[in-house]
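Those sequence lines, one after another, are chains A and B. The first sequence begins at -8 in our numbering and counts up by one. The second sequence begins at 5 in our numbering and counts up by one. A short write-up of the structure that comes next.
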Amino acid sequence: MDWFFILEKAILIIILFSLTLFIAMYETYMERKVAAFLQDRVGPDRAGPFGILQPLADGGKMFFKEDFIPNSSEKWLFILGPGIAMFTALMTSAVIPWGTELHLFGRTISLQVADVNIGVLYIMGFVSIGVYGIMIGGWSSNNKYSLMGAIRASSQMISYELAMGLSLIAIVMMSGSLSLKDIAAQQSGSLMGIEGFHWNVFLQPLGFLIFLTCAFAETNRAPFDLPECESELIGGYHTEYTSMKLGFFLFAEYVNMFISSTLIATIYFGGYNFPGLHYLPGNWQALAGTAVLFLKILFFIFFYMWVRWTLPRFRYDQLMHLGWKVLIPLAVLNMLLTGAWMTWF
Amino acid sequence: MCFFMRNKFANYHFRSTVARVTFAARFMETQDYLPIVLQSMVAVGFVGLVLVVTHFLGPRRKGAVKDENFECGIEIQGNARVQFSVKYFLTAILFVLFDVEVIFFYPYAVNFKELGSEGFIAVVMFVTFFLIGFFYVLKKGALEWER
Chain A
-8 MDWFFILEKA ILIIILFSLT LFIAMYETYM ERKVAAFLQD RVGPDRAGPF GILQPLADGG
52 KMFFKEDFIP NSSEKWLFIL GPGIAMFTAL MTSAVIPWGT ELHLFGRTIS LQVADVNIGV
112 LYIMGFVSIG VYGIMIGGWS SNNKYSLMGA IRASSQMISY ELAMGLSLIA IVMMSGSLSL
172 KDIAAQQSGS LMGIEGFHWN VFLQPLGFLI FLTCAFAETN RAPFDLPECE SELIGGYHTE
232 YTSMKLGFFL FAEYVNMFIS STLIATIYFG GYNFPGLHYL PGNWQALAGT AVLFLKILFF
292 IFFYMWVRWT LPRFRYDQLM HLGWKVLIPL AVLNMLLTGA WMTWF
Chain B
5 MCFFMRNKFA NYHFRSTVAR VTFAARFMET QDYLPIVLQS MVAVGFVGLV LVVTHFLGPR
65 RKGAVKDENF ECGIEIQGNA RVQFSVKYFL TAILFVLFDV EVIFFYPYAV NFKELGSEGF
125 IAVVMFVTFF LIGFFYVLKK GALEWER
């Protein structure tokens, strides 16, 4: 047993964990500021300079609220629901390559928690388990609106998971591997003479659009936020929740948004690769790669918010129509075109 | 389709893999998953700790009326264990059906380059069956949410 290996992974996990929670916290601040900017308002500006301490104030308040469990709910399932939602949100970061390799103290440290050879399937698996958190939470509340929100959420998420899986197959065909490390590393090649610009988005534009749409639906973000649309369903599946249990549901959504932005950046936008990366020496390569990856992630998080405050919400039949009758045939077509192109050209 | 695939796998993969997968290789593969176990322990710890801590931090006031569901703020009518539209159930069943078929594509996609044009023709046949099933479901009106 290599104890240094475990120690280095433990440190990486702790760093990643604090980073995920920190980013999720400041996403709430960013969302309010972006919304304010798009609607010509100021946004939160009371807690600290520019309202920078607002997420801390919100989080602290959540911790000290009454932890209310309705007497007609299924008590243990009611507690389990947000737990599963948060757990699955925190697990998916394990297989994402956050950069190349660092060389410290004579050791080669990979900036990835676990390079499993089924990376893509691991992510899909945890996304599916995320449905359980919402479904269990909504059903156990014993509230008709929560139930409606939960079944809407679950049937929306499973519908878009199909198209998501199909759009990823084209990527797997091109890379010949399910490991996200390989998929990211293969995008360092040259495209049209520019080194480090062999990004999948240029080779799979249709697949990217399908994946992006599905990512919005999987995270229950606008315009696919029907599970919690306040004008019909009070608060959706988390209507009965208070305190940090409500916090977990909201927090899990922001963590998922961060992770899916990371996935979009890693799978389609070259991950840590950028033109000129290979000129940098040793450790700077890893650090610059990680910094660029986070810039890409930041852009996609902003894109999520931009869309939320621009587009109106879908109607449920439109949502299902888009998922089943448009995206699935398109994804199959994309897969066949990729296959035909790669086989005969 | 099956015999296409079987021939190919026999030639390229099966024999070589059996020779290669020794005990050491298997051990290395399990070691890949060790960090995931570590991360799941941290995640469960965090979730459990926060749930327990917030349970004791906040105020707790009990009352027969207060402990009722909030629902939508006005008095509750009946119970939430009600029937809901069968279309959700149908969607779930169709998902299970199609997701299994999607999963079948993954092993093919990983070995796509080795299987060549023969493998691709086999998959086109499989996709045709997939699409026949899909259009049958559409024509049956299983996904008509408007009605």
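We put the beta carbon where it would ideally sit given N, CA and C, even for glycine. Given the structure is predicted, the values throughout are model-derived calculations rather than measurements.
Taking the alpha carbon of residue i as the point to measure from, which residue in the options has its own alpha carbon closest?
i: Lys56 (chain A); options: A:Tyr232, A:Ala256, A:Thr281 and A:Tyr270; result: A:Tyr232
i: His312 (chain A); options: A:Phe291, A:Gly198 and A:Gln147; result: A:Gln147
i: Lys143 (chain B); options: A:Trp315, A:Tyr270, A:Trp332 and A:Ser166; result: A:Trp315
i: Arg304 (chain A); options: A:Phe242, A:Leu217, A:Ile292 and A:Ile43; result: A:Leu217
i: Ser181 (chain A); options: A:Gly267, A:Phe8, A:Arg37 and A:Thr11; result: A:Gly267
i: Thr58 (chain B); options: A:Lys52, A:Val283 and A:Leu47; result: A:Lys52
i: Phe(-4) (chain A); options: A:Val104, A:Val192 and A:Asp308; result: A:Val104
i: Phe116 (chain B); options: A:Phe291, A:Leu224, A:Asn264 and A:Ser166; result: A:Ser166
i: Pro39 (chain B); options: A:Ala213, A:Ile87, A:Phe215 and A:Asn62; result: A:Ile87
i: Lys66 (chain A); options: A:Ile292, A:Gly97 and A:Ser132; result: A:Ser132
i: Leu165 (chain B); options: A:Ile70, A:Tyr20 and A:Leu302; result: With chain B covering only 5 through 151, there is no way to say anything about residue 165 (chain B).
i: Trp130 (chain A); options: A:Arg143, A:Leu327, A:Leu3 and A:Tyr259; result: A:Arg143
i: Val323 (chain A); options: B:Val114, B:Val141 and B:Phe102; result: B:Phe102
i: Gly97 (chain A); options: A:Glu(-1), A:Leu321 and A:Tyr228; result: A:Glu(-1)
Please report how far the alpha carbon of residue i lies from the alpha carbon of residue j, in whole angstroms.
i: His17 (chain B); j: Gly123 (chain B); result: Note that His17 (chain B) scores a pLDDT of 49, beneath 50, so its modelled location is shaky and nothing firm can be said.
i: Phe7 (chain B); j: Thr329 (chain A); result: At Phe7 (chain B), the pLDDT of 44 sits below 50, so the modelled position is not reliable and the matter cannot be decided from this model.
i: Gly261 (chain A); j: Ala175 (chain A); result: 6 Å
i: Trp149 (chain B); j: Arg299 (chain A); result: 24 Å
i: Gln45 (chain A); j: Leu29 (chain A); result: 19 Å
i: Leu159 (chain A); j: Ala27 (chain A); result: 35 Å
i: Val48 (chain B); j: Ala76 (chain A); result: 11 Å
i: Phe1 (chain B); j: Glu22 (chain A); result: There is no way to answer for residue 1 (chain B), as the model of chain B reaches only from 5 to 151.
i: Phe59 (chain A); j: Ala243 (chain A); result: 20 Å
i: Gly110 (chain A); j: Val317 (chain A); result: 27 Å
i: Asp68 (chain A); j: Ile149 (chain A); result: Residue identity differs from the one stated: residue 68 (chain A) is Leu in this sequence, not Asp. If I take the Cα positions, the gap works out to 21 Å.
i: Ile100 (chain A); j: His269 (chain A); result: 18 Å
i: Met16 (chain A); j: Glu209 (chain A); result: 20 Å
i: Val246 (chain A); j: Val122 (chain A); result: 15 Å
i: Leu102 (chain A); j: Ala68 (chain B); result: 54 Å
i: Phe13 (chain B); j: Leu119 (chain B); result: Since pLDDT at Phe13 (chain B) reaches only 47, below the 50 mark, its modelled position is unreliable, and no value is offered.
i: Phe133 (chain B); j: Ile80 (chain B); result: 49 Å
i: Leu203 (chain A); j: Phe291 (chain A); result: 10 Å
i: Gly140 (chain A); j: Leu310 (chain A); result: 14 Å
i: Pro35 (chain A); j: Glu221 (chain A); result: 22 Å
i: Tyr112 (chain B); j: Val100 (chain B); result: 20 Å
i: Phe50 (chain B); j: Phe78 (chain A); result: 9 Å
i: Gly39 (chain A); j: Glu18 (chain A); result: 17 Å
i: Asn134 (chain A); j: Leu3 (chain A); result: 41 Å
i: Gly145 (chain B); j: Ala126 (chain B); result: 29 Å
i: Ile6 (chain A); j: Ser84 (chain A); result: 12 Å
i: Lys91 (chain B); j: Leu147 (chain B); result: 8 Å
State the start and end residues of the unbroken beta strand (DSSP E) segment that holds residue i.
i: Thr99 (chain A); result: Arg98 to Ser101
i: Ala(-1) (chain A); result: The amino acid at residue -1 (chain A) is misidentified as Ala; the sequence shows Glu. Looking at the DSSP string, Glu(-1) (chain A) is not in any beta strand (DSSP E); the run it does join, the alpha helix (DSSP H), is Trp(-6) to Leu29.
By the criterion of Cβ-Cβ separation under 9 Å, what are the contact partners of residue i in chain A?
i: Thr58 (chain B); result: Met53, Phe54, Phe55, Lys56, Asp58, Ser234, Met235, Lys236 and Gly238
i: Leu142 (chain B); result: Trp315 and Lys316
What are the boundary residues of the alpha helix (DSSP H) that includes residue i?
i: Glu244 (chain A); result: Ser234 to Tyr259
i: Leu95 (chain A); result: Looking at the DSSP string, Leu95 (chain A) is not in any alpha helix (DSSP H); the run it does join, the beta strand (DSSP E), is Glu92 to Leu95.
i: Ile70 (chain A); result: Lys66 to Met82
i: Leu94 (chain B); result: Val90 to Val114
i: Ile127 (chain A); result: Gly110 to Ser131
i: Lys52 (chain A); result: Gln45 to Phe54
i: Ser168 (chain A); result: It is not in any alpha helix (DSSP H) - Ser168 (chain A) carries neither H nor E in the DSSP assignment.
i: Ile292 (chain A); result: Gly273 to Arg299
i: Gln177 (chain A); result: Per DSSP, Gln177 (chain A) belongs to no alpha helix (DSSP H) and is neither H nor E.
i: Gly330 (chain A); result: Ile319 to Trp335
i: Cys205 (chain A); result: Pro196 to Glu209
i: Leu224 (chain A); result: Glu221 to Leu224
i: Gln309 (chain A); result: Tyr307 to Met311
Residues of chain A with a CB under 7 Å from the CB of residue i: which are they?
i: Leu101 (chain B); result: Within chain A, no residue comes near Leu101 (chain B); the closest Cβ sits about 10 Å away, beyond 7 Å.
i: Gly62 (chain B); result: Phe55, Lys56, Glu57, Asp58 and Ser234
i: Ala47 (chain B); result: Phe78, Leu81 and Met82
Contact defined as beta carbons within less than 8 Å: I believe residue i pairs with residue j. What is the distance between those atoms, to the nearest angstrom?
i: Tyr295 (chain A); j: Ser252 (chain A); result: 7 Å
i: Ile201 (chain A); j: Ala256 (chain A); result: With a Cβ gap of about 17 Å, Ile201 (chain A) and Ala256 (chain A) do not count as contacting.
i: Leu284 (chain A); j: Gly90 (chain A); result: 7 Å
i: Pro128 (chain A); j: Pro73 (chain A); result: What sits at residue 128 (chain A) in the sequence shown is Gly, not Pro. The pair is a contact, with the Cβ atoms about 6 Å apart (cut-off 8 Å).
Mind listing the chain B neighbours of residue i? Cutoff is C-beta to C-beta under 8 Å, in chain order.
i: Val317 (chain A); result: Within chain B, no residue comes near Val317 (chain A); the closest Cβ sits about 11 Å away, beyond 8 Å.
i: Met311 (chain A); result: Thr95, Leu147 and Trp149
i: Asn133 (chain A); result: Asn73, Asn83, Ala84 and Arg85
i: Asp173 (chain A); result: Within 8 Å Cβ-Cβ: nothing; Asp173 (chain A) doesn't reach chain B, min ~11 Å.
i: Leu327 (chain A); result: Val128 and Val131
Spell out whether any CB of chain C is found under 8 Å from the CB atom of residue i.
i: Gly120 (chain B); result: Protein chains A and B are contained in the structure displayed, whereas chain C is not.
Show which residues of chain B have a CB atom less than 7 Å away from the CB atom of residue i.
i: Ala1 (chain A); result: Leu42
May I ask you to check if the CB of residue i is nearer than 7 Å to at least one heavy atom of the ligand SAH?
i: Gln309 (chain A); result: Of the ligands one can find in the structure shown there are none, so the ligand SAH has no counterpart to examine.
Quick one: list the residues of chain A neighbouring residue i, beta-carbon separation under 8 Å, in chain order.
i: Val114 (chain B); result: Val163, Gly167, Ser168 and Leu169
Kindly list, in the order they appear in chain B, the residues whose Cβ is closer than 9 Å to that of residue i.
i: Trp335 (chain A); result: Ser121 and Phe124
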